[in-house]
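Participant: Just passing along the structure, written as structure tokens.
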Amino acid sequence: MKINVNDIVISSLLHDVGKIMQRAELSNLQDNYYDYCPNQGKTHIHAAWTAKFLNENPLKRDGKIYENWQSIANLAASHHKPEQVANDEEKQFEMCIVLADRISAKWDRGAEDKDKTSQIYKKRLLTPIFEKIHLAKHSQTEHFNIPLIKKSEFKKKMLQGNFYDNFNETDLKTNDYANLFRDFKKEYDNLRNFYENHNITLVQFTDALDSLLEEYLWCVPANTKEKYPSNSLYYHSRITASIAAVLFEYFQTSDKSKLTLELINDKEKRFILLGGDLSGIQNYITNYSPDQSKFLSKTLRARSFKVKIVSEMAIHYILSELNIPKQVVLMNAGGKFMILLPNKEEIKSNLLKIKKQIDKEFFQHFSGLLSLNLNWDTQISFSELNMANLKETLSDFFDNLELEKKKKFFSYLFDNKWQTSAFLNSTENLSSENLCDICHRHNAIDTIDENKVCSYCKTDIELGKVLPRKGVGIFCKEKNDKTLITLFDGKLNFELSDAPQHLRSDSFYFKINDKPDSSHIPALPVATFLPKFETGDNYILGNIENIHEPLSFDQISEFALTLLDDNKKKGTKMNALVKGDVDHLGLLFNLGLQNEQQQFSLTKYATFSAMTDFFFSAYIPALIENSFGKIYIIYAGGDDFALIGPWNHSLEFIMKLKKDFAEYVCNNPEIHFSVGYELMRPKAPLKHTFELAENALIQAKNAGRNRISIFG
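The sequence shown begins at -15 in the working numbering and counts up one residue at a time.
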């Protein structure tokens, strides 16, 4: 079978897996594997370990090894010695991985294992990337190491108040590497078994492998030539897979003779950076009739969840329509994404159709409140991805994406002329007598608790009920009785499920929390925690009939009170709405990462983006569930958050979060966030309180940033 793009992705994702094995000082490396190493097999020994791993752990089904597996092994292991590949087809596409590997990190890092005496590559651990970021001149006086543990275990470590380890490049870390590899290998073997038993497809195997590598390789330094290495091996491998896949797709129908190392300096615009920016999030989330506070806690979590999911659905839809693997996504956080694509006429033609469909769907489904703005004006050459030009490339990309926000729904509302019928959303004959009592934007189709509800708000209520109880999301082509969201003329549907053993072949499954222990399902964490009635809450709320039911905002405000010895309550029954975001994030990306331009790379950019998002999207929900269980997460991810909770609990939480964030960013004085804090009566209109909190946040930033604006 001919090599396909999925083979290229697997090879790229695993091309450096041998680094863990080499640093773990595993035994029994056969002599023939050294053929993959340059300099007569004396340097880059990790390539030999990669060859060993892939040759000894093949993908099988019905007792037969996947027919392209040997090519996958050869392509992965030959990235430092491309002449080692076995045949002409492999030789054609090996350069995809070689070029991607070099651009992903830096042009030529050199061999980390060249110095045989110091063995520094077995001692030097990953440095948090936050140490490397500076806008002005400040010296990082204290250095830290990221421990060699799973990402999920690191989150638990953070909850215990222990973030990083003290800097140490004296002791060998071979035992830590050995333990990490042992646990990874166990889950990898489990994943292979799911494929062998016909429970997952090859593409589903690849997506799950990608997620598994993030769990284990996020903490591993890609290269230890720097004294304080900050490039994660996972993000290096992931970016390598992105670039290699796009190179493969581009040269499928182009002159393959140009696929050489000289492409590094090539000026031809062979690539597209597709950007997406989800706008109107706050307007959509807060779009409630002021007198419908009773539904607020039931549906707010659902709407916040939908904001995350519809962005993911759009990415899935785009890549499915283009028949491109998910690994071409370079960045996806906080409602923005960046996708690398081949610059081909059929791709651009399809993007026009996709954009029109997305504009139409978002305008109709969300009544124009929520828009996904797509732009692919940033067309680049290979040389514009290297470290010397990347700053300007990313600046152009974000400028184009910002301009696109001024043309919301243009492709749908203007087709040679203004489309009045589209603007009036004439697919629904609205009746003032039959409007939904919750949103006042769509016709009602049902009644819940004597309130008329439209199909969208009814779905929000149903989603809010089932969300805390399910651990797996599914994107599927066919609508069924479990479908909760339908987009793109029914081409893509979303449902929630428990973790199944067998996955439908035409669907994409993902874990939305840590509860399903299933290595065959990739992770896509989403904040799903809700404050609930818990055993013992009757001390403040009285007798409770429905344990574990979500609390209303009125009930949440009760926890601001203190119960006295005579059973009387003392205090002020109020909530607070809290909004926060990182200060000067654009400058931190555009300047802070690039002051040491010779070290700037796509991998460094991806590492910073992912590490920032991890604090907000993973740690904040975990901290709330672990220690502040009566706080309601409206959204948290990217670089910002919004919460509602008892006013005193919320203040305590913010002070804790400020302290933890400072520790997370290595006490870097230039990385911090500001907060707007606004008191809120339990039944106050959410939209108005949001606006007050936003104003408070602006005041905090205007006062010098790194501030909390409270009671102002």
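Backbone N, C-alpha and C fix where the C-beta goes; we use that ideal spot for every residue, glycine too.
1) Is DSSP giving E678 helix, strand or coil here?
2) Taking buried to mean at least 16 other C-beta atoms within 10 Å of its own C-beta, is I49 buried or exposed?
3) Can you tell me where the alpha helix (DSSP H) holding M315 begins and where it ends?
4) Suppose the cutoff is 6 angstroms on Cβ atoms and the five residues either side in sequence are ignored; what does the same chain contact list for H656 look like?
5) Helix or strand or just coil, what does DSSP make of F537?
6) If you count every other CB in all the chains shown that lies within 10 Å of the CB of P534, and 16 or more means buried, which is it?
7) Between T224 and the ligand SAM, is there a pair consisting of the residue's CB and a ligand heavy atom that are separated by less than 7 angstroms?
8) State the CB to CB distance for the pair C80 and F255, rounded to an integer number of angstroms; the pair is presumed to be in contact (CB under 8 angstroms).
9) Is the segment 346 to 362 close to the segment 382 to 402, with three or more CB pairs under 8 angstroms?
10) Starting from the C-beta of Q363, find all residues in its chain whose C-beta is less than 6 angstroms away, skip the five residues before and the five after it, and write them out in chain order.
11) For K290, which residues from the same chain have a beta carbon less than 8 angstroms from its beta carbon, with the 5 sequence-adjacent residues on both sides left out?
12) Extract the residue ranges of the alpha helix (DSSP H) inside the segment 130 to 166, only unbroken runs of 4 or more that lie entirely within it.
13) Please classify A229 as buried or exposed, where buried requires at least 16 other C-beta atoms within 10 Å of its C-beta.
14) Compare the Cα-Cα distances from H486 to each of G47, Q144, E180, D19 and report the closest residue.
15) Provide the residue span of the alpha helix (DSSP H) that contains T288, from first to last.
16) Classify W202 as helix, strand or coil using the three-state DSSP reduction.
17) What separation, rounded to the nearest whole angstrom, lies between the Cα atoms of L514 and L356?
18) Across the segment 672 to 683 and the segment 152 to 165, are there enough close Cβ pairs to call them in contact, namely three or more that are closer than 8 angstroms?
19) Exposed or buried, M639, counting other C-beta atoms within 10 Å across all chains shown (16 or more means buried)?
20) What three-state label does DSSP hand S355 in the structure shown?
21) DSSP has L110 in a bridge; who is on the other side?
22) How close, in whole Å, do the beta carbons of F366 and L247 come, if the pair is a contact with beta carbons under 8 angstroms?
23) Exposed or buried, what is K553 when buried is set at 16 or more other beta-carbons lying within 10 Å of its beta-carbon?
24) Can you list the alpha helix (DSSP H) stretches of 4 or more residues lying completely in the segment 381 to 455, in chain order?
25) Mind checking R166: buried by the 16 CB within 10 Å criterion, or exposed?
26) Which residue wins for smallest C-alpha separation from N307, given the options E74, I293, I331, E296?
27) When burial is assigned at 16 or more other CB atoms within 10 Å of the CB, is M(-15) buried or exposed?
28) Roughly how far, in whole angstroms, is the beta-carbon of M322 from the beta-carbon of L314, given that I think they are within contact range, below 8 angstroms?
29) Within this structure, are the beta carbons of L119 and L569 separated by less than 8 angstroms?
30) For L354 and A298, I'd like the C-alpha separation in whole angstroms.
31) Quick one: is N(-10) buried, meaning 16 or more other Cβ sit within 10 Å of its Cβ, or exposed?
32) Just checking: is the beta-carbon of F592 within a distance shorter than 8 angstroms of some beta-carbon in chain C?
33) Let me confirm a value: W402 is counted as buried when at least 16 other C-beta atoms fall within 10 Å, else exposed. Which label applies?
34) Whose CA, out of Y20, S288, L110, S263, lies closest to the CA of K209?
35) By the three-class DSSP mapping on this structure, what secondary structure does L577 have?
36) Where does C460 sit, in a helix, a strand or coil, going by DSSP?
Facilitator: Concretely, from the data shown:
1) Residue 678 sits at position 694 when you count from the first residue of the sequence shown. Looking at E678 - three-state DSSP - the assignment turns out to be helix.
2) What you label residue 49 is simply residue 65 of the sequence shown in a count that begins at 1. Answer is exposed; the Cβ neighbour count stays below 16.
3) Within the sequence shown, numbered from 1, the residue matching residue 315 stands at position 331. Not the alpha helix (DSSP H): M315 falls in the beta strand (DSSP E), residues 313 to 317.
4) Taking the sequence shown and counting its residues from 1, the one referred to as residue 656 is at position 672. The residues are D567, N690.
5) Taking the sequence shown and counting its residues from 1, one reaches residue 537 at position 553. Three-state result, F537: helix.
6) In the sequence shown, residue 534 corresponds to position 550, counting from 1. When all chains shown are included, P534 counts as buried.
7) Ligands in the displayed structure: none, and consequently the ligand SAM is not present.
8) In the sequence shown, the residue the question calls residue 80 occupies position 96. In the sequence shown, the residue the question calls residue 255 occupies position 271. C80 to F255, Cβ: 13 angstroms. No contact.
9) yes
10) If you number the sequence shown from 1, residue 363 lands on position 379. Excluding the 5 residues flanking it on each side, Q363 has same chain C-beta neighbours closer than 6 angstroms at K253, I256, N327, in chain order.
11) Counted from its first residue, the sequence shown places residue 290 at position 306. Apart from the 5 residues on each side of it in sequence, K290 sits with its Cβ closer than 8 angstroms to the Cβ of D444, L447, I469 in its chain, given in chain order.
12) 135 to 143
13) Start at 1 with the first residue of the sequence shown, and residue 229 comes out as number 245. Buried: at least 16 other Cβ atoms inside 10 Å.
14) To locate residue 486, count along the sequence shown from 1; it is residue 502. The residue with the shortest Cα to Cα distance from H486 is E180.
15) By 1-based counting over the sequence shown, the position of residue 288 is 304. According to the sequence shown, residue 288 is Ser rather than Thr. Where S288 is concerned, the enclosing alpha helix (DSSP H) stretches over 280 to 306.
16) By one-based count along the sequence shown, residue 202 stands at place 218. Residue state, collapsed to three classes: coil.
17) As a first step, residue 514 must be located in the sequence shown, where it is residue number 530. As a first step, residue 356 must be located in the sequence shown, where it is residue number 372. Approximately 27 angstroms between the Cα atoms of the pair.
18) no
19) By one-based count along the sequence shown, residue 639 stands at place 655. Counting the other Cβ atoms within 10 Å of the Cβ of M639 gives fewer than 16, which makes it exposed.
20) Residue mapping note: residue 355 aligns to position 371 of the sequence shown, counting from 1. Here S355 sits in strand by DSSP.
21) Position 126 of the sequence shown holds residue 110. According to DSSP, which records beta bridges pairwise, L110 is partnered with nothing at all.
22) The residue you call residue 366 lines up with position 382 of the sequence shown. The residue you call residue 247 lines up with position 263 of the sequence shown. Rounded, the Cβ-Cβ distance is 5 angstroms, consistent with contact.
23) In the sequence shown, counting from the first residue as 1, residue 553 sits at position 569. Exposed: under 16 other Cβ atoms inside 10 Å.
24) 394 to 397, 404 to 407, 439 to 450
25) Here residue 166 refers to the residue found at position 182 of the sequence shown. Exposed, since its Cβ has fewer than 16 Cβ neighbours within 10 Å.
26) Locating residue 307 in the sequence shown gives position 323, where the first residue counts as 1. Considering only alpha carbons, the answer is I331.
27) As a first step, residue -15 must be located in the sequence shown, where it is residue number 1. Counting Cβ neighbours within 10 Å, M(-15) comes out exposed, since fewer than 16 surround it.
28) Sequence index remark: in the sequence shown, residue 322 carries index 338 (1-based). Sequence index remark: in the sequence shown, residue 314 carries index 330 (1-based). Rounded, the Cβ-Cβ distance is 5 angstroms, consistent with contact.
29) By 1-based counting over the sequence shown, the position of residue 119 is 135. By 1-based counting over the sequence shown, the position of residue 569 is 585. In this structure, L569 does not lie closer than 8 angstroms to L119 by Cβ.
30) Against the sequence shown, residue 354 aligns to sequence position 370. Against the sequence shown, residue 298 aligns to sequence position 314. Taking C-alpha positions only, L354 is separated from A298 by approximately 13 angstroms.
31) For the purposes of this step, residue -10 is taken as residue 6 along the sequence shown, with counting starting at 1. That one is buried.
32) In the structure shown, chain C cannot be found, because there is only a single protein chain.
33) The count along the sequence shown starts at 1 and reaches residue 402 at position 418. Flag for W402 reads exposed.
34) Start at 1 with the first residue of the sequence shown, and residue 209 comes out as number 225. It is L110 whose Cα lies nearest to the Cα of K209.
35) Within the sequence shown, numbered from 1, the residue matching residue 577 stands at position 593. Of the three classes helix, strand and coil, the one that applies to L577 here is coil, per DSSP.
36) Position 476 of the sequence shown, counted from the first residue, corresponds to residue 460. Here C460 sits in strand by DSSP.
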